[in-house]
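In this text, residue positions in the sequence shown follow my numbering: the first is 1, and each later residue adds one.
To start, the structure under review is shown below, and the notes come after it.
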Amino acid sequence: LALVISASAYFYFNTLRYNEDSEPLPNSSFEVRESKIPGAGLGLFAAEAMPSNKYLFAYEGERLDEDGYFSCYPDGQGRYVAVIDEQLPILPLVSLLQDDKSALKLKRMCEPTYVDGIDESKSNLARFMNSNSIEPNIRWTKQRFGKQAGTMHFYTIDKVEVGDELLFDYGSNYWDAVQK
Numbered sequence: 001l002a003l004v005i006s007a008s009a010y011f012y013f014n015t016l017r018y019n020e021d022s023e024p025l026p027n028s029s030f031e032v033r034e035s036k037i038p039g040a041g042l043g044l045f046a047a048e049a050m051p052s053n054k055y056l057f058a059y060e061g062e063r064l065d066e067d068g069y070f071s072c073y074p075d076g077q078g079r080y081v082a083v084i085d086e087q088l089p090i091l092p093l094v095s096l097l098q099d100d101k102s103a104l105k106l107k108r109m110c111e112p113t114y115v116d117g118i119d120e121s122k123s124n125l126a127r128f129m130n131s132n133s134i135e136p137n138i139r140w141t142k143q144r145f146g147k148q149a150g151t152m153h154f155y156t157i158d159k160v161e162v163g164d165e166l167l168f169d170y171g172s173n174y175w176d177a178v179q180k
């Protein structure tokens, strides 16, 4: 019983913790122009000062399941794709519910969500942020639980000044995937 209560409390805490109800900053808070990083193309810059820990926006794009992602990118190299890990890491339990609608629903909850920002008409300004693993000024969180499960949100790390390029660490998994 204690294990069930602990697991329920953990899930409830994480469900609430991973919901971002703040309004994103308006597009006028940002400017897209040539990146300061040689060869990076366009970058996203602050058009206004922003305090530390300020919520900027979520990464937007077409939402794909695992089959849809590999249908679009057979080599796994979607350069504008954010991967949000599975909501529930309990895939072995799915085999206990074979040929049942609940098994399919549970299976979907155990797969990652792919948010593809390649199409500018389906994406937002987040797609223009470049990577800097040494001195990023933006951090991200990936929501795995709650009403916004399968989203990636961006926040300032420290105060950002007008004209600063907004940079976050894409992570080694991203670079490993695109360099294969």
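Cβ atoms here follow ideal geometry from the backbone N, Cα and C, with glycine treated the same way.
Spatially closest choice to residue i from the options, by CA coordinates
i	options	result
Glu139	Ala149, Ala126 and Gly150	The identity of residue 139 in the sequence shown is Arg, whereas the question assumes Glu. Of the candidates Ala149, Ala126 and Gly150, the one whose C-alpha sits nearest the C-alpha of Arg139 is Ala126.
Thr141	Pro74, Phe70 and Asp169	Asp169
Leu25	Leu3, Ile134, Ser52 and Phe57	Phe57
Phe128	Glu23, Arg79, Val160 and Ser52	Arg79
Gly164	Cys72, Gln77, Phe45 and Ser52	Looking at the sequence shown, residue 164 is not Gly but Asp. The option with the nearest alpha carbon to Asp164 is Phe45.
Cα-Cα separation between residue i and residue j, rounded to whole angstroms
i	j	result
Thr151	Gly171	17 Å
Tyr155	Lys54	5 Å
Val32	Pro74	30 Å
Gly43	Asn27	14 Å
Leu166	Ile157	10 Å
Gln148	Arg63	13 Å
Ser6	Asp85	22 Å
His153	Val81	14 Å
Gln143	Ser133	21 Å
Gly68	Gly41	28 Å
Ala2	Phe70	41 Å
Near the ligand GTP: residue i beta-carbon under 7 Å from a heavy atom
i	result
Gln148	Judged by which ligands are present, the structure shown has none, so any question about the ligand GTP falls away.
CB contact flag (residue i, residue j, <8 Å)
i	j	result
Pro136	Glu66	no
Ser131	Glu60	no
Ala47	Phe30	yes
Val83	Tyr114	yes
Lys159	Ser22	no
- Item | Sufficient close CB pairs (3 or more, under 8 Å) joining the stretch 33–44 to the stretch 115–124 | no
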